[in-house]
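Colleague: One structure coming up, written as structure tokens, with questions to follow.
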Amino acid sequence: MTTTPFPSGAIDAVSGTTVVVRGDDIDTDRIIPARFLKCVTFDALGPAAFADDRAELASGPSGPHPFDRPEHQGASLLLVNRNFGCGSSREHAPQALMRWGIRAVVGESFAEIFYGNCLALGIPCLVADHATMLAIQEVATAHRAETFRLDVASASLQGAGQRWGLDLAAGPQQMLVSGQWDATGQLLAHGEQLAATVARLPYLQGFAAV
Amino acid sequence: MSSGTLYDKVWDLHQVAQLPGGSTQLFIGLHLIHEVTSPQAFAGLKDLGLSVRHPERTVATVDHIVPTTSQARPFADPLAEEMLATLEANCAEHGIPLHGIGSGRQGIVHVIAPELGLTQPGMTVACGDSHTSTHGAFGAIAFGIGTSQVRDVLASQSLAMGKLKVRRIWVEGRLQPGVFAKDLVLHVIRVLGVKGGVGYAYEFAGPAIDALSMEERMTLCNMAIEGGARCGYVNPDPITFDYLQGRPYAPAGEAWDAAVAWWRSLASGAEAVFDDEVRFDANSIAPTVTWGITPGQGIGVDETVPTLEQTEPDERPLAEEAYRYMDLQPGAPIAGTPVDVCFIGSCTNGRLSDLQAAAAVAKGRHVAPGIKAFVVPGSEQVAAAAEAEGLDQVFREAGFEWREPGCSMCLAMNPDRLEGRQISASSSNRNFKGRQGSATGRTLLMSPAMVAAAAIHGRVSDVRTLLNA
């Protein structure tokens, strides 16, 4: 568990130790099983991140799960593979990861709803190609105690004496570095345009000529 | 870049403004909310001192956490009771209509909005649930969102969005007897993969799609998200209009004719340009069953579980994980796999025509010994319609339980769940590890008729042999 404050303001960079969770198509049911969604606040979700995967691996030959390894306690950079966060739209998934301590994710690709949920919380998700991601995971695994630095502005990751270029779309990058990743204020700023949109949509005007 | 498609037209009409970060502010025409993903959004609204901008464009129901045996209040599970009570309080405070238990209109959010006529062509529809893609069946642009975005829609009736590419999925031919929209979509995902649709909206078109009923189109669009596509849609046509006419929230009188004219104008025309196109032949699709732990790991019921050699190299780690988790042997036929639990229901396949198809298989037969089989109508209206034609009796006489409406065993947020290593034949949408409530439970996705066939035989069976019997 982390005591690092939750993201706020401009997010130029995220520094911290890493945790590698390998595998393609890791869905949000695995990140946070549905039984933990029976709540009216997100507050208690941190310890439940990957609950069933962790239980499955606890006693197995390949265990424990990375989230249970002592050297990864306090990690803030999550390193994953393809289509991470697919499935359910539950924001409980990034909420659980954030409350466990994750502040940024690097992977080969992300499911769209998960990606948007992370952005809305100020958690950058950056993309690396397959070969680069495997290299990053290998180096991170070999340097578990090392602090890595994810630079949002230049879309790159540095650590263990190496530097990897990553991809981050211009829109989310701008939102993060300008501190405008929380869209609510921007959306509310356009009251007149919202009213104009309502006025031109036939189904909101009783299908009278508009 | 696409142009002239329904997606482009609806997108353009709903654009409010360009945002500083480069995304588009998109107006949301219909916001559906439920008890799981809304409480924190309302709390966030309160923290910011904001109100709901368009409560009249917001509609609530309760579905995920409701028990399907006794729905008497308070619920036995205090957490479930707290979630529903919170939804009720939030809806009352903000003047949002709530279709609650016993109202005659409660049910799974993606079942009730269409059946009430709330979902209409040309709308943007958002809901804190990934299966919101269902509503695309009407030619709406509909997508799932997270809770922070639910808060944003409550506050501003809009979202910050990036435009998707549009892939046309053209389906020739006709689905054969015993083959349903569920088989079609499982087949599409099998071919294009669970990540194939990331970044895309899927437009489903072609003769096989034109022939589908609205309920079949809903099944198809429902699972677009399982193929990675955040939304899927079908162009509106007379089948769409016939479905909508006379429903409580559908336009009536003079407005009806104007609405139909507008809806027709939205369909992708001959001039439409797509980012890409993939073609399928419906005639060749068999009843399809998943064998693995993603909806893309599906095969025809007459096929064998793919071996590692038959699997693309980059899919092999996932296949190996699936063999271990499912305890199925590569190279073994999927038909004949014994099952423990048979579940008919969900936002994918809990509508009247789904229950009719399953009942046609169950009628005059009986669930195999030792099998737990149950049917959960998708809504109170579906339940009433099914009971009016005696389907509940058909199921009961065949040894199925007939339950109250809700999400039930699709996702294990209520008392319906697998236990231990149980394996289910399920008409739901996800076979993820642990999805149905046991961390070691296993799920085989298939059509409702195929679930009924599995219940009768106690093992995965080709429903076509029962239809011919």
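Protein sequences, first through last, are from chains A and B.
Its first residue numbered 736, the first sequence is counted upward by one per residue in the working numbering.
Its first residue numbered 269, the second sequence is counted upward by one per residue in the working numbering.
Glycine residues also receive a C-beta, built at the ideal position from the N, C-alpha and C atoms.
Predicted model only: the values in this text are computed from it and were never measured.
Out of curiosity, what's the CA-to-CA distance linking A344(B) and C774(A)?
Modeller: Rounded to the nearest angstrom, the two C-alpha atoms are 15 Å apart.
Colleague: Alpha carbon to alpha carbon, how far is R879(A) from V754(A)? Give it in angstroms, no decimals.
Modeller: Taking the straight line joining both Cα atoms gives about 8 Å.
Colleague: Could you please give the first and the last residue of the uninterrupted alpha helix (DSSP H) stretch that includes F310(B)?
Modeller: Note, F310(B): alpha helix (DSSP H), 307-315.
Colleague: Can you pull the chain B neighbours of A793(A), defined as C-beta to C-beta under 9 Å?
Modeller: Correct list: empty, because the minimum Cβ distance to chain B is about 11 Å.
Colleague: How would you write the range of the alpha helix (DSSP H) that Q559(B) sits in, first residue to last?
Modeller: Looking at the sequence itself, residue 559(B) is Trp, so the reference to Gln does not match. Careful: W559(B) lies outside any alpha helix (DSSP H) and carries neither H nor E.
Colleague: Between K768(B) and chain A, is the shortest Cβ-Cβ distance under 7 Å, so that the two count as touching?
Modeller: The question about residue 768(B) has no answer, for chain B in this structure spans 269 to 737.
Colleague: Which one or two residues does DSSP pair with F295(B) in a beta bridge?
Modeller: The partner list for F295(B) (beta bridge, DSSP) reads S426(B).
Colleague: Here's the rule: buried if 16 or more other CB atoms are within 10 angstroms of the residue's CB, otherwise exposed. What is R325(B)?
Modeller: Burial call: buried.
Colleague: Which residues in the same chain as I369(B) place their Cβ atom closer than 7 Å to its Cβ, once the five residues preceding and following it in sequence are excluded?
Modeller: Cβ neighbours of I369(B) beyond the five flanking positions: V330, V334, Q339.
Colleague: Can you tell me where the alpha helix (DSSP H) holding Y511(B) begins and where it ends?
Modeller: Start and end: 506-512.
Colleague: Taking the alpha carbon of D917(A) as the point to measure from, which residue in P859(A), Q872(A), A875(A), A895(A) has its own alpha carbon closest?
Modeller: The shortest Cα separation from D917(A) among P859(A), Q872(A), A875(A), A895(A) belongs to P859(A).
Colleague: Tell me where the alpha helix (DSSP H) around D764(A) begins and ends.
Modeller: From DSSP, the alpha helix (DSSP H) with D764(A) extends over 763-766.
Colleague: Is C615(B) helix, strand or coil by DSSP?
Modeller: Helix, per DSSP.
Colleague: If you follow the alpha helix (DSSP H) that C853(A) is in, where does it begin and where does it stop?
Modeller: Run containing C853(A): 847-856, per the alpha helix (DSSP H) assignment.
Colleague: For T575(B), is the classification buried or exposed, using 16 other Cβ atoms within 10 angstroms of its Cβ as the cut-off for buried?
Modeller: With fewer than 16 other Cβ atoms within 10 Å, it is exposed.
Colleague: I'd like to know whether the C-beta atoms of L454(B) and T556(B) end up nearer to each other than 7 Å.
Modeller: Their beta carbons are under 7 Å apart, which means L454(B) touches T556(B) by this criterion.
Colleague: What runs of the alpha helix (DSSP H), each 4 residues or longer, lie entirely inside the segment 313-362 of chain B?
Modeller: 346-362, all fully within the segment 313-362 of chain B.
Colleague: What did DSSP end up calling L911(A) once you bin it into helix, strand or coil?
Modeller: L911(A) falls in the helix class under three-state DSSP.
Colleague: Which class does V635(B) belong to by DSSP, given the choice of helix, strand or coil?
Modeller: Looking at V635(B) - three-state DSSP - the assignment turns out to be coil, as it is neither helix nor strand.
Colleague: Can you name the residues of chain A whose CB is closer than 9 Å to the CB of W279(B)?
Modeller: Chain A residues near W279(B): none, gap ~12 Å exceeds 9 Å.
Colleague: Compare the C-beta of Q293(B) with all C-beta atoms of chain A and state if any pair is closer than 7 Å.
Modeller: Yes, contact with chain A.
Colleague: Give the interface partners of A357(B) over in chain A, defined as CB-CB distance under 8 Å, in chain order.
Modeller: Neighbours of A357(B) on chain A: none; closest Cβ ~10 Å, over 8 Å.
Colleague: What do you reckon, are the CB atoms on G414(B) and N818(A) nearer than 7 Å?
Modeller: Not a contact, by the Cβ cut-off of 7 Å.
Colleague: With DSSP run on the structure shown, which of helix, strand or coil describes T753(A)?
Modeller: Looking at T753(A) - three-state DSSP - the assignment turns out to be strand.
Colleague: Determine the chain A residues that contact L576(B) at a beta-carbon separation under 9 Å, and present them in chain order.
Modeller: Result: empty, since nearest Cβ-Cβ is about 15 Å, beyond 9 Å.
Colleague: Cβ closer than 7 Å: which chain A residues qualify as neighbours of D420(B)?
Modeller: Near D420(B) (Cβ distances below 7 Å), the residues of chain A are A918, T919, L922.
Colleague: Contact between the segment 575-595 of chain B and the segment 671-683 of chain B: three or more CB pairs below 8 Å?
Modeller: With the cut-off at 8 Å, the segment 575-595 of chain B and the segment 671-683 of chain B do not touch.
Colleague: Starting from R732(B), find everything on chain A with Cβ-Cβ shorter than 8 Å and list it in chain order.
Modeller: The premise fails here: R732(B) is roughly 31 Å from chain A at the closest Cβ pair, so nothing lies under 8 Å.
Colleague: Going by Cα to Cα distance, which pick from Q897(A), E873(A), I767(A) is closest to W835(A)?
Modeller: Of the listed residues, the one whose Cα sits closest to W835(A) is I767(A).
Colleague: If you draw a straight line from the C-alpha of I724(B) to the C-alpha of D570(B), how long is it?
Modeller: Cα-Cα distance, rounded: 18 Å.
Colleague: Ignore the nearest five residues each way along the sequence and tell me which others in Q308(B)'s own chain have a CB closer than 6 Å to its CB.
Modeller: The residues are T415.
Colleague: Tell me the DSSP bridge mates of H367(B)?
Modeller: In the DSSP output, where bridge partners are listed per residue, H367(B) has T329(B).
Colleague: So D762(A) contacts chain B; which residues on that side make the cut at Cβ distance below 7 Å?
Modeller: Chain B residues near D762(A): F700.
Colleague: Quick check: the Cα distance between L318(B) and F310(B), rounded to an integer number of angstroms?
Modeller: Those two C-alpha atoms are separated by around 9 Å.
Colleague: With burial defined as no fewer than 16 other Cβ atoms inside 10 Å of the residue's Cβ, what is the status of K450(B): buried or exposed?
Modeller: So K450(B) counts as buried.
Colleague: Kindly indicate which residue of A654(B), A497(B), Y275(B) has the alpha-carbon position closest to the one of A625(B).
Modeller: Residue A654(B) is the option with its Cα nearest to A625(B).
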